[in-house]
Each structure stands twice: as C-alpha cells, then as structure tokens.
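Here my numbering is used: the first residue of the sequence shown is 482, the next is one more, and so on.
The beta-carbon is built from N, C-alpha and C at its ideal position, and this holds for glycine as well.
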Amino acid sequence: MPANRADTRRPQHRPSERRSRSTAPRFTVLVQIGLATISLFGWSSVVTSGSLKAQDTGNHARKSQPDGPESIEQRRIQIPQGSTVPAVVMTEFYTHGELDENGENLFVTDSRHELVPWRVLQAGPGDHCRIAFQTRSREHLYRLEYGKTSEPRKSPAWTASTGLLLETHHWKDCNLKRLDSVDEAFRTSPRYGRAFVPAVFHRENPFWPGSEPFLSEYRGTLRIARPGLFRFFTSSQDASFLLIDGQLVVAAPGRHGPVGDARFQGQVNLTSGLHAFRYVHAAAGDSACMVAAWQPPGVSKPERIPPEAFDSQAIARLRAVGVKHAREFTMEILGEVPLPDENPPLIRARFHQIANHVTASHARVHWDFGDGQTGTQTDPIHVYLHPGLYLVKMQMVGGPPGSAIEDRVLIHRPALPVEAGESADDLTSYVAVVAKYDPAKLDATGLLQLVRAFEQADLPARAAKAGQEGIPGRTAAHSESERATVRIVSGLLRDRLDDPEAALNFLQKAAAILGPESWKAECEVEAADIALNDLLRTGSAKTLLDSATARRLPVGDPISTSRLNRVWGDWYARKGDRPSARAAYARAMASAPVPGRSAIEQDAWRGALSRSTEVFLRDRSLDRARTEWRRWQDEFPMDRIEGYLTFLQASYWAARQKYPRAIALAGDLLTINPDSPYADRLVLLAGECEEKLGEVARARARFQALLTDYPGSPLVGDARQRLARLTAARPEVGPKNP
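Structure representation (structure tokens):
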C-alpha cells in the first residue's frame, strides 16, 4: 500500500457532525467518573483492518528456540526490580513491517525462554501492534519475538481474570430490541480492536475514531467484597445491555439517545467473590455513548464502577524496548481542525524519538513524514493534511548504516472530542505550519486540502499559489481531488483575485495534465468563457471551444455540456450571428442541470435568483451577486436572450469598473434580441461605461441610438440630458444643421 494514500474504506463525515456527537448524560455517576475515565490509554488509539485471530487458547507452555535461525528477538519488557509483578502487561509498538497482518508470527517468552500466555489485541493498520500477556511470579524480564519464524507459536491458555476488556466490531444490522440479535451480530462481524480499559464510559469507538455505527462489548470479572443488593445503571446512544453471571440485569433496548437520569436500572443480589461482568452496546448512527454505573449496598447514590472492582490495577502498561535498532519513535495524535463541507480534517501529530541505547542519545534526526514533507526536529509536531496511512522514516544523521527506521503509521482523527473548557485547535496555527509545505510533493488529496485550508483561512492568494505550483508539476492527473483543485484554483484566480489571465493560463496547463478527455474539455470550456467574457478574446475562445467540442463531453455530464453550449451562444452573439446564438442557447437550456421542476416552480426559482442578484447589487455585495448570476446563468441559459440576466451581469461589471465587459454584454443582447424589454437599459448603461472610459464620441453615439431606436423608452429623458451635457462639454466641430 502506498505510504501516503488514505484508507479508502473509511467514509467521510461532516465536521459539524463530529462536533455535535452525543455527550454523555450527566446523572450523578458521570460527575464522579470525570474525564479521566475516558482517557483510556496512555497512547493514541488506532484501528485494525478486519478480524483478528485471538491467541487465547492452547496447550501447556513449551520452550521456544531462543537463538535459532527461525526467529529474531525484537523487543524486551523489563519490570522494575523490587516492584510488584503485575498479573498482565499491555504494550503497543511499531513493528517496522516485520509482523504479519494477523500477528500470528509473534510470541512472548519469559527470561527462561518459556512461552507465556499472550493475546494479540490489535495488529494494524500499518505497522502498529498492541498485545497483552500474562506474567509469572518473580519474573521481571519478558521477550516479544516476531519476524522470521517458520511456523506460528500457539499461546498457552489465558487464565487471568484481571481487568476490563473492551472490544469493538464493525456494524452489522440486527434487532436492537433483542440481546440475542445484537450478540449474534457482534460475534459474526469483523473486529476493529480491543484493549483493557478502566471503566464502561465511552463517547465513540476508540479503535476507529470515525462516526460510523459499531458494536461493542466489555468483559471482566467483578470482585465483590461485601455481599448484598447491588443496583446497576446504564445510559447509552442506542441499545445497551448489562449482564452479571450471564443474567440480564439492566436493558436499554432499541434506538434512543442517552438519558440524563437513572431510569434504566436493575438490581441483583451478589455474594462475596468473583462474578462475570458483561456489557453489550450497539451504536446504530453517527453518535455513540455508553456508560455503566452501580450503587453498592449502603451507598446512597449511583457511582462509577471503580477500576479496582475489576482488579485493573494489576494490569501494567509498559514500553517494549526494541533491541535490533538503536532508535525508534512513537506517535501521538494531538488534535484536529475540521474543514467545512464534509472534507477531511487537518490532523496534528507529535513524533517522539526513543534512544534504545545510551550511545545513541546525541544523534541528530532527519524525518520524512510520508506526505512529501520532512523535518529535523528531535521530537517534531507535524500537521497532516488528511487522515491516512503514511510511511514515516526516521534517519540518524551521520548514524551507522541501517540506522533508519520506517513504519507505516495511521494518522487518524483524535479518539476524544474537545471538551467544554478545553482549547480547540485553530486553523490559523495549522496554516502557519502548512504554509511551509512544498505543494508539488503532496499527494492529490493533500494538495486539495492545502488549497482548502488556505481558502478557509481567507488566504485566496496562498490557495491559488499552492494550486499553481502543485498541479502543473504533475506529469498526469487522474484523481477527483486534482480535478477539484483545478476548479477551486481557477475560480479563485478568476473571481477572488481578479486575475483572469492567470486563470486562463492555469486552466490551459491543467487541460494538458488531466487524464480523462472530459476533464480536459471542462477546463477548455471554462478557459473559453474567461477568454471571451473576461478578456474579450474571441479568437482564443474559438480555439478552446473547438477543442472542447472535439473531445465530446459525456452524455451524463449535463453541467459541462450545457456550459459548452452556452459559451458557444456567447461567442456567436459576440460575432453577430443571431440564429446560431439562439440555437446554442436553446441547446444549453435543453441540457441544463435543472432538477425536475414544474414550469411554475422554474419561474419561482428564476425569480428568486433574479431578486437575490438585484439585492446584492444594490447593497454592493458584489461577490454574492456574482455567485447568484453565475448560478442563474447555468440553470437558465436561455435567459441570456430574454435580457434581464444580461442587464444584471452588465451592471455587475460596471460596478466592478470593468467597463469593456459591460459594453460587450450590451452588444451581445442587441445582437440576439434587440427587442428585449431591457435593451434600452443596456444601451444607456453602455453609453455610461463609454463615458467612464473617456470615449465621448462613442458615449454620444450610444445615447443617440437610444433616442433613435427606442423613442418610447422611459429612459429617453435621461439619454437627452446626458447627450446635452456631453455636447456642451465638447461641442461638435464643423457646420451645424439648419
């Protein structure tokens, strides 16, 4: 898998949805749980790509071959001497590509090279691995071995009842009102991941920080010291079921949101000793919440089930130190900044280099972050432009041969949302970092995200520059991301930056690079529109239109087909060919992307577009006016013949002081429909624009034409006054008529 390509299986989701996910209900127990409870791990959570085969069962421990050619000792875990040996150790690390996709070539031994029970909790995506293993009394050194092994080792039977294990699975349709149906779906769906956690308290899937539905299960052993009547409570987004010793105690079935009280409760008499605990949950939508609490005998209100009840303090989280490499690195997701309109977020990550040997402590580091960007800081913070799997390389500058470390690292959204009172990341700080990136070295999605980030930060010049540097540097472009980048950048150059010349050049370069013929044609149509209506170059527009027409736009692309015909209509109008212009506009209207509306609905929509354009022009909200009349033009291209659309377009250009464009539009309408009810307005507007340009003779000719051709117009008086003023200011030369 390419290092900088996003995992395409992950659906996109709206940032607004991300921020509005269900927060946990605030009945008394949640206040006591606190945010510390949902800080599940001391590391970043990641996900697995499918079902993992757990190494849960097996025969008696057998001796491994410690130094044979079939295995490579990779990592050691040292429990500090003098400390209590925990019952279970959980650890995670990057494997440098030496672990198979299911983790089946990994095994764990003690200092005597005896196999100990282990579980592969998660293997992947990329080179991430999380495991847990049982310890032995008075044993402080353990080895994790994987890599070159001729056959998988089989784990001894897992016997520990310590801790609370959370496991999440992919969503599978089921009856949320029935525990057996949810159970069946959980058992038969692929696993995301699992880990030992302190409590039943989550707001989303910690092993896949997205918004898609999922199924989850908590399993543990409750240690009851004082017998009596226990009350249990649950609150969840959608179905949840709490079982003790296999018996259902509390149920909150069906689809629903979390509640802010203790209405879902049940009670059970428990004896002193060990009791099986199980909590099943189904999150059927894009929000999740799962909370369990209890009220032991003699306690007046609900409270969190403490980690001690599951003997969680007997689980240690320790680092597995590699012995093959002098240095390694870890990664932590720090935050994100969502971009609008369902686009992926920018993600901030910190890399930490670890010296596994004392002699390596002063080496300088060079980082390749897998997205085309590099760094030289010891523990850098890097902004990724989109989630994905990246091949990250850490190289010791001047280090010995083979000192480079490469790992496929999943960059994902943070597992936990920003809480009230916390400072969310802001786009400004991210932009300051990504402004130093080389656009030409980004992948297609990264380049698009860079352009979007600059645009969202109201830096249109930066956004356009990134696209101008990133697109032409490619030998070919075949992705929708590159197509979208071209559209955004050309629009910024043409409209926001008022640089149609640069937009035209960019589109022509893009047309040469984009792969599909229809995309090339799309660029050429837009370039022809700019050449004709912005730069007033009829010859260049004709060349581009001919090329786009020859490429044959697909039938299923009504927007581009309609726009091609509309620009042809503009070109014929500019050349004075009335029949051809009218025919082209009719073809444009026939293929216009208008939804299935009735004639009455179309008239209403046309009226809404015209009124909004009027209002924005009157209020001098010119950018918004342009957006409206462009939409109007695309959906109702025949309105160019009727005249009001053309008049408002010309008024827009006059307000922008682009007088030649306004004059050209007036000429277009007079060519295709001199009897338009708006023709006299356009003649007067054209005369005013000529006067602004200092073309007095042409202005006088325009005003005179209005008097001659439209003698019944209410604008005649205005035209006479303007004509008289121009004549008085600059009297005619030569004899006057009697």
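{"Query": "Cut-off 7 Å between Cβ atoms - residues of its own chain near TYR1133, not counting five sequence neighbours on either side", "Result": "LEU1098, LEU1103, ALA1106, ARG1107, TRP1110"}
{"Query": "Spatially closest choice to ARG800 from ALA984, PHE614, VAL772, GLY747, by CA coordinates", "Result": "PHE614"}
{"Query": "Euclidean distance between Cα positions of PRO953 and LYS990", "Result": "6 Å"}
{"Query": "Residue from GLY691, GLY951, ALA765, LEU723 whose Cα sits closest to the Cα of GLY738", "Result": "ALA765"}
{"Query": "Burial state of PRO895 (16 or more Cβ within 10 Å)", "Result": "buried"}
{"Query": "Chain-order list of residues whose beta-carbon lies under 6 Å from that of ARG1255 (same chain, five-residue window excluded)", "Result": "Because the chain in this structure spans residues 482 to 1219, residue 1255 falls outside the shown range and cannot be described."}
{"Query": "Environment of GLU1082 [buried if 16+ CB atoms lie within 10 Å]", "Result": "exposed"}
{"Query": "Beta strand (DSSP E) segment containing TYR760, residue limits", "Result": "754 to 764"}
{"Query": "For ASP1161 and ALA1200, the rounded distance between their alpha carbons", "Result": "10 Å"}
{"Query": "VAL890 versus ARG556, LEU1017, PHE574, ASP767, residue with shortest Cα-Cα distance", "Result": "PHE574"}
{"Query": "Alpha helix (DSSP H) segment containing MET1070, residue limits", "Result": "1059 to 1071"}
{"Query": "Cβ contact (3+ pairs, closer than 8 Å) linking the segment 990 to 1009 and the segment 1020 to 1027", "Result": "yes"}
{"Query": "Nearest-angstrom Cβ-Cβ length linking SER999 and ALA984, presumed shorter than 8 Å", "Result": "Incorrect: roughly 20 Å between the Cβ atoms, too far for contact."}
{"Query": "Supposed contact pair ASP1156 and ARG1055 - C-beta distance, whole angstroms, cut 8 Å", "Result": "That pair is no contact at about 19 Å."}
{"Query": "Spatially closest choice to GLU950 from ARG977, ASN986, GLN1130, by CA coordinates", "Result": "ASN986"}
{"Query": "First and last residue of the uninterrupted beta strand (DSSP E) at GLN1138", "Result": "No beta strand (DSSP E) contains GLN1138, which DSSP labels as neither H nor E."}
{"Query": "Distance, HIS577 Cα to HIS651 Cα", "Result": "27 Å"}
{"Query": "Cβ-Cβ distance between PHE1227 and THR649 below 7 Å", "Result": "Within the shown structure, residues of the chain are numbered from 482 to 1219, placing residue 1227 beyond reach of any answer."}
{"Query": "Cβ-based neighbour list, LEU657, same chain, cut-off 7 Å, excluding 5 preceding and 5 following", "Result": "VAL663, ASP719, ALA720, PRO734, GLY735, ARG736, ALA763, ALA765"}
{"Query": "Whether GLU579 touches ARG624 by CB criterion (7 Å)", "Result": "no"}
{"Query": "ARG1032, DSSP secondary structure in three states", "Result": "coil"}
{"Query": "Simplified DSSP assignment, three categories, for VAL657", "Result": "It should be pointed out that residue 657 corresponds to Leu in this sequence rather than to Val. It is coil, neither helix nor strand."}
{"Query": "Neighbourhood of LEU988 by C-beta, 8 Å cutoff - its chain only, sequence neighbours within 5 removed", "Result": "VAL967, SER971, CYS1004, GLU1005, GLU1007, ALA1008, ILE1011"}
{"Query": "Burial state of THR489 (16 or more Cβ within 10 Å)", "Result": "For THR489, the pLDDT reaches just 34, beneath the cut-off of 50, and the residue's location in the model is therefore unreliable, although a value from the coordinates is still provided. THR489 comes out exposed."}
{"Query": "C-beta contact flag for ALA568 and ALA641 at 7 Å", "Result": "yes"}
{"Query": "Distance between LEU1090 and ARG1112 (C-alpha atoms, nearest Å)", "Result": "8 Å"}
{"Query": "Residues sharing a beta bridge with CYS610, DSSP", "Result": "PHE574, ALA604"}
{"Query": "Integer Cβ distance of PRO1118 from SER1043, believed to fall under 8 Å", "Result": "6 Å"}
{"Query": "Neighbourhood of ALA841 by C-beta distance below 7 Å, restricted to the same chain and skipping five residues each side", "Result": "Its pLDDT being 49, under 50, ALA841 is placed unreliably by the model, and the measurement read from it follows with that caveat. For ALA841, where only same-chain residues beyond five positions count, the Cβ hits under 7 Å are ALA807, ARG808."}
{"Query": "Length of the line joining the Cα atoms of ARG1206 and THR1127", "Result": "28 Å"}
{"Query": "Runs of alpha helix (DSSP H) wholly within the segment 975 to 1058 (minimum 4 residues, chain order)", "Result": "981 to 994, 998 to 1010, 1019 to 1031, 1039 to 1056"}
{"Query": "Buried/exposed call for SER910, threshold 16 Cβ in 10 Å", "Result": "exposed"}
{"Query": "Reduced DSSP secondary structure (H/G/I, E/B, other) of PHE850", "Result": "coil"}
{"Query": "The alpha helix (DSSP H) enclosing SER1194, as first and last residue numbers", "Result": "SER1194 -> no alpha helix (DSSP H), and no H or E assigned at all."}
{"Query": "Own chain partners of LEU724 with C-beta closer than 7 Å, once the 5 adjacent residues on each side are dropped", "Result": "VAL730, ARG759"}
{"Query": "Bridge partner(s) assigned by DSSP for MET877", "Result": "VAL846"}
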